[in-house]
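Heads up: the structure comes next, in structure tokens.
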Amino acid sequence: MADLSLDTLSKEYFDVLKELGNIGAGNATTALASMLQCKVDMQVPEVRMLEFKDVGAILGGEEQEMVGAYLGVEGDITGSILFLVKKEVAMHLVKKMMGDYASDEFGEMERSAFKEISNIITGSYMNALASLTGMGIFLTVPDMTIDMAGAILSVPAVEFGIYGDNILLIQSKISDEIDIDGYFIMVPDMDSYGKILRSLGIIVD
Amino acid sequence: MEIKVGMADMNVCTAPDSIITLGLGSCVGVVVWDKQTKICGMVHVMLPDSTAISQNSNTAKFADTGIEELVKKVVAIGAGRARLVAKIAGGAQMFKVSTASPSLRVGERNVEAAKKKLAELKIPLIAEDTGDSYGRTVIFYPETGVYRIRAIGREEFEI
């Protein structure tokens with residue numbers, strides 16, 4: 124596995140992520156619609172490979188206030204997944220879920236609700252990956268933070284930084300009354316890249 | 009003028025300009041400064057150790073090679089090597105998760121590595137604001153040596 128690098132894997136992995144993005148977004152849309160009990164529309168997600176220095180800019184600047192949920196990936200593959208939305212979008216989702224119980228601030232309850240939403244959405248993506256690859260994939264309990272986009276993104280960037288100078292980002296566009304732009308950054312450990320690609324028949328031993 | 013430093017990037021700056029990096033999380037913003045010539049440089053390091061990683065061509069990404077390269081750059085534009093002092097900020101831990109991922113502790117390790125390299129190069133560390141769990145935007149003014157730090161929901165302050 125020593126000869127694998129993110130740059131050589133990127134093309135195949137890119138296509139996998141795109142397909143995964145499509146199925147995952149479909150699952151997530153269904154899950155969201157039933158949780159929020161409203162009609163939710165979905166557009167084809169975008170998958171992008173970005174240089175570190177450009178990462179902050181596409182999310183509306185490095186200082187854009189965002190809410191991020193970070194989950195560990197365990198099972199047949201290991202790694203992590205980050206789900207990221209703008210603060211007002213996060214608040215909108217929380218209010219949809221909690222109804223009259225939500226305040227305008229991220230207190231204990233609101234944070235807990237956001238974690239649950241993150242669980243459902245990222246779970247939809249991981250289920251898509253699990254059924255595509257036939258692997259058992261589990262998520263750890265999420266942690267969340269409200270901070271600058273750049274600071275939150277430094278976490279997956281560091282993980283990508285071990286392998287190269289780019290980061291892979293899935294941008295999903297879902298909308299109910301407002302546009303819910305959600306960003307996913309999946310960072311499988313190096314061995315897991317190979318496992319994913321092998322299980323899909325992209326790499327043959 | 010405000011000179012920008014991106015993630016895993018470095019740059020130099022002379023007064024009256026200032027140098028900025030936005031949204032430091034677990035990364036560390038290391039500044040070296042010569043008070044007399046008012047020349048400074050900043051590097052935004054992501055990882056502690058270039059020797060632990062095979063893809064290490066970008067020197068600015070690592071505390072060890074980044075600081076070394078930065079010192080060369082400021083000296084090349086006229087800073088006095090013996091007069092250099094340093095200030096550092098960043099190195100937060102953004103998330104706490106029950107996974108074994110060592111990258112979550114990387115902030116702490118980046119700070120340690122930066123200090124170790126500065127000590128090795130005999131550059132005194134005169135101020136720091138590191139650790140904790142929040143992101144920082146940092147701006148350095150080589151005119152005065154002020155390192156200004158801003159974070160969401162906190163008063164802006166100087167070190």
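Those protein sequences? They're chains A and B, same order as listed.
For reference, each letter of the first sequence is one residue, going 124 to 328 in our numbering.
For reference, each letter of the second sequence is one residue, going 9 to 167 in our numbering.
C-beta atoms are modelled at their ideal positions from N, C-alpha and C, and glycine is treated no differently.
{"query": "Closer than 7 Å to chain B by CB, A:M271", "result": "yes"}
{"query": "Backbone CA spacing between A:M124 and A:V264 [nearest angstrom]", "result": "Unreliable placement is indicated for A:M124, whose pLDDT of 39 sits below 50; the coordinate value is still reported in the next sentence. Spanning the two alpha carbons is a distance of roughly 30 Å."}
{"query": "Close beta carbons around A:G324, own chain, < 6 Å, minus the five adjacent residues each side", "result": "none"}
{"query": "Exposure label - B:R91; buried when at least 16 CB within 10 Å", "result": "exposed"}
{"query": "Proximity to A:K296 [Cα-Cα], best of A:Y136, A:G144, A:V139 and A:F137", "result": "A:G144"}
{"query": "Beta-carbon neighbours of B:D17, restricted to chain A and to distances below 9 Å", "result": "F175 and K176"}
{"query": "A:Y224, DSSP secondary structure in three states", "result": "helix"}
{"query": "7 Å Cβ cutoff, A:G179 in contact with chain B", "result": "yes"}
{"query": "Residue-level contact to chain B via CB, A:A274, 7 Å cutoff", "result": "yes"}
{"query": "Residue(s) in a DSSP beta bridge with A:D302", "result": "A:S298"}
{"query": "Backbone secondary structure at B:E77 - three-state DSSP", "result": "helix"}
{"query": "Amino acids of chain A, ordered along the chain, whose beta-carbon sits closer than 9 Å to that of B:M54", "result": "F175, S277, A280, V281 and G284"}
{"query": "Reduced DSSP category for B:Y9 - H, G, I as helix; E, B as strand; rest coil", "result": "Looking at the sequence itself, residue 9 of chain B is Met, so the reference to Tyr does not match. In the structure shown, B:M9 sits in coil (DSSP, three-state: anything other than H, G, I, E or B)."}
{"query": "DSSP bridge partner residues for A:K209 (one or two, in chain order)", "result": "A:M189"}
{"query": "Status (buried if at least 16 other CB within 10 Å, exposed otherwise) for A:D126", "result": "Bear in mind that a pLDDT of 47 at A:D126, under 50, signals an unreliable position, so the number given afterwards is only what the model happens to contain. By the neighbour-count rule (16 or more Cβ atoms within 10 Å), A:D126 is not buried but exposed."}
{"query": "Alpha-carbon to alpha-carbon, A:E186 and B:D25", "result": "21 Å"}
{"query": "A:I240 to A:M220 span [Cα, whole Å]", "result": "8 Å"}
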